[in-house]
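A.B. asks: Can you read through this structure? Questions will come right after.
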Amino acid sequence: MRPVNAPGSLETLRRRNRGLVLRAVQSGGATSRVDIVRATGLSRTTVSSLVNELLAEGLLAEGTDRAGRPSVNQTGRPPTRLTLEPSSGTVLGIHLRHDGIRLALADLAGAVLAEVLVDLDVDHRADAALSFVEDATNDLVAEAGISRSRLLGAGVAVSSPVPTLPRHGPALLTTWHDIDVADVLGERLGVRVQVGNDANLGATAERVFGAARTTRSLVYVMLAEGVGAGLFLDGRPYLGAKGVAGEFGHVVVAPGGRVCRCGNRGCLETVAGAGALVAALPARADGTVPDLDDVLAACAAGEPGALRIVADAGRAVGTALAGVCTMLDPDLVVVGGRTAAAGRPLMDGIVETLRRGVPPTDEPLVPVVAGELGARAEVLGAVALAISGAPLAVPAPV
Ligand SMILES: [Zn+2]
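Take 74 as the starting number for the sequence shown in the working numbering and just add one per residue.
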């Protein structure tokens, strides 16, 4: 091993530290100099010097909020926000929902350049879904007016567990058992494709771009067709030993209740998933089949039945959440997914049973807020995942 005072060792160290700083920003976990100090363990002076160097070389940029909104911290002053240089390339975010696909083409700061949402039975038409993604990618690249060669990678959010063990496809999407999404899409798109669970990526998006930007320990609850959770503990994503932590929808809240798609009875998803909400809606006079949008519209119109359905779902979520919060003591709970659009009645139901279910204390209840990114959180999380894995052309330090 070369001694630390050998010629060149300082330069080697500097190069390594540049890599650490760049990687901290690229991962989405650090958006300020303070974050970088915390993430890398380097001194403030070193971080400040390296950030200035990377800014001067055009590898980093500052001042732009990734979601394009004014960015204000708790002191009311706009923080300096560090990102990769936006114009260094583009990435694609893909959310494969059970009933549709959302794609977003974004720059390396995460600003969306073009996006599309299509209804498609993703569960049963894997080939059609993959072909759609391939065609839509070409359309989005053309719409954004960029060269295809500037597409550096893609992230995919799937509505199923994504074990960190190799060679597992999204098992709960019915016809996708034998498909390795990263391999197949990577071949079709000609770029590196990374796959993540949609609730985990929703949590990532709210932490990088949305409601949880200053949060160290976060529980993100995704309420949609499926129900899931994404966790950040002490500033880091928590995926569990096998990569499948946060299967919140399969926490049993109604023992002996309805059989869930996982095979158990009474899972939270059988009570608070979109299917359960829709099934509880009274039959319509015109014979048409209602969907989640109808539940949300009825709720917004103040229909008592819909309000009750949503509040009951919220209470079931709060009951399950009480165990999670008692165990983890998070700073913040963010509620996202399509169902979160129900707003007040849902949130009141959650807080009611959460308050009842956590141990009594003089401390205020953990804040429970709606996500800022709405139904786009998961696709924006896929964008963040793609950014974190994008190959960067890094020149040697001057
Ligand atoms: Zn289940």
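Even glycine gets a Cβ: it sits at the ideal position worked out from N, Cα and C.
Note that the coordinates shown come from a computational prediction; the quantities given were computed from them, not determined experimentally.
Can you have a look at L203 and say buried or exposed, based on whether 16 or more other CB atoms are within 10 angstroms of its CB?
C.D. replies: buried
A.B. asks: Just how far apart, CA to CA, sit R175 and L86?
C.D. replies: 42 Å
A.B. asks: Secondary structure at E451, three-state DSSP: helix, strand or coil?
C.D. replies: helix
A.B. asks: To the nearest angstrom, how far is the alpha carbon of A386 from that of L365?
C.D. replies: 13 Å
A.B. asks: Which two residues bound the contiguous beta strand (DSSP E) that contains D192?
C.D. replies: 185 to 192
A.B. asks: Applying the criterion that 16 or more other CB atoms from any shown protein chain within 10 Å of the CB defines a buried residue, is M295 buried or exposed?
C.D. replies: buried
A.B. asks: Do you know offhand how far S121's Cα is from A297's?
C.D. replies: 42 Å
A.B. asks: Mind checking who I423 pairs with in its DSSP beta bridge?
C.D. replies: The partner list for I423 (beta bridge, DSSP) is empty, contrary to what the question assumes.
A.B. asks: Give the straight-line distance between the Cα atoms of I109 and P310, rounded to the nearest whole angstrom.
C.D. replies: 16 Å
A.B. asks: How is I219 classed by DSSP in three states: helix, strand or coil?
C.D. replies: Here DSSP, grouped into helix, strand and coil, assigns I219 to coil.
A.B. asks: Is it right to say S461 is buried, meaning 16 or more other beta carbons lie within 10 angstroms of its own, or is it exposed?
C.D. replies: buried
A.B. asks: N337: beta carbon under 7 Å from a heavy atom of ligand 3?
C.D. replies: Because ligand 3 does not appear in the structure shown, any question about it cannot be addressed here, the ligands present being ligand 1.
A.B. asks: Considering only C-alpha positions, which residue in the set L128, L178, G360 is nearest to D26?
C.D. replies: Lying outside 74 to 471, the shown extent of the chain, residue 26 is not represented and no answer is given.
A.B. asks: Which residues mark the beginning and the end of the beta strand (DSSP E) in which E135 is found?
C.D. replies: 133 to 135
A.B. asks: Quick one: what does DSSP say P159 is sitting in, helix, strand or coil?
C.D. replies: In the structure shown, the three-state DSSP call for P159 is helix.
A.B. asks: Would you tell me roughly how many angstroms separate the C-alpha atoms of A140 and G102, rounded to the nearest one?
C.D. replies: Its pLDDT being 46, under 50, A140 is placed unreliably in this model, and the coordinates cannot settle the point.
A.B. asks: Based on the DSSP output, what are the partners of C340 in its beta bridges?
C.D. replies: Answer is V325, bridged to C340.
A.B. asks: By the 10 Å Cβ neighbour count, where 16 or more other Cβ atoms means buried, how is S232 classified, buried or exposed?
C.D. replies: buried
A.B. asks: Using the three-state DSSP reduction, which class does L365 fall into: helix, strand or coil?
C.D. replies: Residue state for L365 is assigned as helix, using DSSP reduced to three classes.
A.B. asks: Which residue from A463, V456, L465, P464 puts its Cα closest to that of G228?
C.D. replies: Ranking the options by Cα distance to G228, first place goes to V456.
A.B. asks: Please identify the residue among A255, P377, N270 whose C-alpha is closest to the C-alpha of V264.
C.D. replies: A255
A.B. asks: For a quick check, are the C-beta atoms of G283 and A450 less than 8 Å apart?
C.D. replies: yes
A.B. asks: Looking at C-alpha atoms only, which residue of T113, A466, T434, E279 is the closest neighbour of G409?
C.D. replies: E279
A.B. asks: List the endpoints of the continuous alpha helix (DSSP H) containing R487.
C.D. replies: Only positions 74 to 471 of the chain appear in this structure, which leaves residue 487 out of reach.
A.B. asks: Got a sec, what are the start and stop residues for the alpha helix (DSSP H) I174 sits in?
C.D. replies: Segment 173 to 180 is the beta strand (DSSP E) holding I174; no alpha helix (DSSP H) there.
A.B. asks: Return yes when the C-beta of E342 is under 7 Å from any heavy atom of ligand 1, and no when it is not.
C.D. replies: Distances between the C-beta of E342 and the heavy atoms of ligand 1 include at least one below 7 Å.
A.B. asks: Using only alpha-carbon positions, find the residue among V235, D194, I382 that is nearest to K315.
C.D. replies: The candidate whose alpha carbon is nearest that of K315 is V235.
A.B. asks: For A40 and I219, what's the separation of their Cα atoms in angstroms?
C.D. replies: Examination of residue 40 is not possible in this model, given that the chain is present from 74 through 471 alone.
A.B. asks: In three-state terms, what does DSSP make of I167?
C.D. replies: Strand.
A.B. asks: Expressed to the nearest angstrom, what Euclidean distance is found between the alpha-carbon atoms of L181 and V214?
C.D. replies: If you draw a straight line from the Cα of L181 to the Cα of V214, it comes to about 15 Å.
A.B. asks: Does the segment 376 to 392 come into contact with the segment 411 to 425, if we say contact requires no fewer than three beta-carbon pairs (one atom in each stretch) closer than 8 Å?
C.D. replies: When Cβ pairs closer than 8 Å are counted between the two stretches, the segment 376 to 392 is seen to touch the segment 411 to 425, the count reaching three or more.
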